[in-house]
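Undergrad: Count along the sequence shown from 1, then add 126; that gives the number in my numbering.
For every residue, glycine included, the Cβ atom is placed at its ideal position computed from N, Cα and C.
Encoded as structure tokens, here's the structure I'll be asking about.
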Amino acid sequence: MDLLNTLVDKGLRRELPTREEALAVLATSDDELLDVVAAAGKVRRQWFGRRVKLNYLVNLKSGLCPEDCSYCSQRLGSKAGILKYTWLKPEEASKAAAAGVAGGAKRVCLVASGRGPTDRDVDRVTKTIEAIKEENEGVEVCACLGLLSDGQADRLRSAGADAYNHNLNTSEETYGAITTTHTYADRVETVQQAQAAGLSACSGLIAGMGESDKDLVDVVYALRDLDPDSVPVNFLIPFEGTPLAKEWNLTPQRCLRILAMVRFVCPDVEVRLAGGREVHLRSMQPLALHLVNSIFLGDYLTSEGQAGQADLDMIADAGFEVEGAGTTTLPRHRADALAGGCGSTAAEPAGCGTQGSSGCGSHAAGGGCGPCGGHGEPEPVAAGAEDGVPAARTEPNGAARTDLVAVRRRGAGTDLAPNV
Ligand code: SF4
127 MDLLNTLVDK GLRRELPTRE EALAVLATSD DELLDVVAAA GKVRRQWFGR
177 RVKLNYLVNL KSGLCPEDCS YCSQRLGSKA GILKYTWLKP EEASKAAAAG
227 VAGGAKRVCL VASGRGPTDR DVDRVTKTIE AIKEENEGVE VCACLGLLSD
277 GQADRLRSAG ADAYNHNLNT SEETYGAITT THTYADRVET VQQAQAAGLS
327 ACSGLIAGMG ESDKDLVDVV YALRDLDPDS VPVNFLIPFE GTPLAKEWNL
377 TPQRCLRILA MVRFVCPDVE VRLAGGREVH LRSMQPLALH LVNSIFLGDY
427 LTSEGQAGQA DLDMIADAGF EVEGAGTTTL PRHRADALAG GCGSTAAEPA
477 GCGTQGSSGC GSHAAGGGCG PCGGHGEPEP VAAGAEDGVP AARTEPNGAA
527 RTDLVAVRRR GAGTDLAPNV
């Protein structure tokens, strides 16, 4: 297939595909799916070998958010029966993080609901980062606290944070239909603030909210322009009690096409399979490892993932290996640019990395995190409504597997052991 040969050549050279080529990946048929996965897999192996980085989410503050992000179970007015709690103490967060690290996670992602942190919140998170770093030598810490104010990114960096996550989530054109209490531009600005402070930027998307192929390509090209080190790809978990509860638009095949498209557009970036993988990819999860080089271990912010041991078994059974703490995630040209701003342009393939940090964590779709500041609960966004989310794709829906959506009831914020 000429398209796939072209995309592989470009991916190996870190050359940007055309938008038409990216759209064509999303339009491939099920008969072509394994060829698409094999082609994107060549690009993945060039830059990341067969390594899989594990990341572990710690939800520092759950629910109680004044924002109105339609996809989020923690939003204002959410009727989802999620855990709700305020800030974990540093020692509680550190204990949760240690469990993830013991399970094989290389990065801990500290997430808090809300529009963005106050300076007092940053103080709290600073102490938490210090506690985690003291207890877990070499661990990478990513913070995800919403919109940042002036100086906060610098303070997090000084406290030892390696990365900051803030997702674009969807296209600029669609953004207002998903969230009304902050803007797409707000999100872009926070990612840029994190980069300016020397934090590794992590920014990704949520697929399955009723967006078009063009929206998906738009947001992935916008991310490529922002140049984050990691791109988490979430698949919407349609929580009952949220406006997008009926948006069951994804099939395992579509998820794989989306991941392949992201890999072709962002060939040397840490592409992370994030929330919704168990719900939407189901038994096809191992194929996704040929496309992404990073996943979350265990549970998500507000929903349960598959057992941590099942994650490890899946990686081994598929012939991949968990990335060790001493290995650099990013290809050398990216790691060097991040470490010193020297930005060597000579690209070297997988296995040549030195030390340094890499991409970052996100939270699960349906879990949330980002900016906030709502003014009352908005009307639910109706898929297909003229000023709502664009009409849902009509790709074969299959049976909506609502039975696979389980609210997290263990780990951080509870007395029960975490899933690692
Ligand atoms: S995504 Fe973040 S800011 Fe938006 S509602 Fe959820 S917790 Fe609040």
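1. Counting beta carbon pairs with one atom in the stretch 184–204 and one in the stretch 149–158, are three or more of them shorter than 8 Å?
2. Is Gly367 near the ligand SF4, with its Cβ less than 7 Å from a heavy atom?
3. Less than 7 Å separating the Cβ of Ser329 from some heavy atom of the ligand SF4?
4. According to DSSP, is Val594 helix, strand or coil?
5. So which of Ala165, Asp439, Gly466, Leu464 has the shortest CA-CA distance to Val546?
6. What is the DSSP secondary structure of Tyr310, counted as helix, strand or coil?
7. Is the number of C-beta pairs between the stretch 229–245 and the stretch 265–276 that are closer than 8 Å three or more?
8. Mark Ser483 as exposed unless 16 or more other C-beta atoms lie within 10 angstroms of its C-beta, in which case mark it buried.
9. Can you tell me where the beta strand (DSSP E) holding Val234 begins and where it ends?
10. At the level of alpha carbons, what is the spacing between Ile363 and Gly264?
11. Provide the residue(s) that pair with Ser429 in DSSP beta bridges, ordered along the chain.
12. So, are the CB atoms of Ala400 and Val184 less than 8 Å apart?
13. Could you say if the stretch 327–346 and the stretch 286–297 meet the contact criterion of at least three C-beta pairs nearer than 8 Å?
14. Do the stretch 359–376 and the stretch 333–351 meet, that is, are 3 or more Cβ pairs less than 8 Å apart?
15. Could you spell out where the beta strand (DSSP E) holding Arg177 opens and where it closes?
16. If we count Cβ pairs, one from each stretch, closer than 8 Å, do we get three or more for the stretch 168–184 versus the stretch 339–346?
17. At what residues does the alpha helix (DSSP H) containing Glu396 begin and finish?
18. Where do the ends of the alpha helix (DSSP H) carrying Asn131 lie?
19. Closer than 8 Å by C-beta to Arg389: which residues in its own chain qualify, once you throw out the five before and the five after it? Chain order, please.
20. Within the present structure, is the beta-carbon of Cys191 separated from the nearest heavy atom of the ligand SF4 by less than 7 Å?
21. Would you call the CB atoms of Ser220 and Thr254 closer than 8 Å?
22. Between Lys259 and the rest of its own chain, which residues show a CB-CB distance below 8 Å, the 5 nearest in sequence each way excluded?
23. Among Pro143, Gly175, Pro369, which one has its Cα closest to the Cα of Pro457?
24. In the structure shown, what three-state DSSP assignment does Val391 receive?
25. Could you check the C-alpha separation between Cys195 and Val178 for me, to the nearest Å?
26. Can you name the residues that DSSP bridges to Phe361?
27. Please state the DSSP three-state secondary structure of Val448.
28. Would you say the stretch 371–391 touches the stretch 346–360, given that touching needs at least three Cβ pairs under 8 Å?
29. If we call anything under 8 Å between Cβ atoms a contact, is Leu236 one with Ala257?
30. Using beta-carbon positions only, say whether Thr368 and Tyr197 come within less than 8 Å of one another.
31. For Phe597, which beta-bridge partners are listed by DSSP?
32. Would you check whether the ligand SF4 has a heavy atom nearer than 7 Å to the C-beta of Cys268?
33. What residues match up with Asn291 in a beta bridge as DSSP calls it?
34. Does the Cβ of Lys187 have 16 or more other Cβ atoms within 10 Å, making it buried, or fewer, making it exposed?
35. Following a CB-centred definition, is Gly240 positioned closer than 7 Å to any heavy atom of the ligand SF4?
36. Just how far apart, CA to CA, sit Pro354 and Leu282?
TA: So, to answer that:
1. no
2. no
3. no
4. Residue numbering for the chain in the displayed model covers 127 to 546; residue 594 lies beyond these limits and cannot be assessed.
5. Asp439
6. helix
7. yes
8. Low confidence applies here, because Ser483 scores a pLDDT of 33, under 50, leaving its location unreliable and the question unanswered by this model.
9. 233–238
10. Rounded to the nearest whole angstrom, the C-alpha separation of Ile363 and Gly264 is 32 Å.
11. Val533
12. With respect to Val184, Ala400 sits apart: the two C-beta atoms are not nearer than 8 Å.
13. yes
14. yes
15. 177–187
16. no
17. Unbroken run through Glu396 is the beta strand (DSSP E), 396–399; no alpha helix (DSSP H).
18. Start and end: 128–138.
19. Gly137, Ala166, Val169, Arg170, Val397, Leu417, Val418
20. Checking every heavy atom of the ligand SF4 against the Cβ of Cys191, one is found closer than 7 Å.
21. yes
22. Excluding sequence positions up to five before and after Lys259, its CB lies within less than 8 Å of the CB of Val265, Val267, Gly286, all in the same chain and listed in chain order.
23. Gly175
24. helix
25. 30 Å
26. The partner list for Phe361 (beta bridge, DSSP) reads Ala333.
27. strand
28. yes
29. no
30. yes
31. Because the chain here runs from 127 to 546, residue 597 falls outside it and cannot be looked at.
32. no
33. Residue pairing by DSSP places Asn291 opposite Cys328 in a beta bridge.
34. Per the 10 Å Cβ criterion, buried.
35. yes
36. Separation of Pro354 and Leu282 (C-alpha to C-alpha, rounded to the nearest whole angstrom) is 18 Å.
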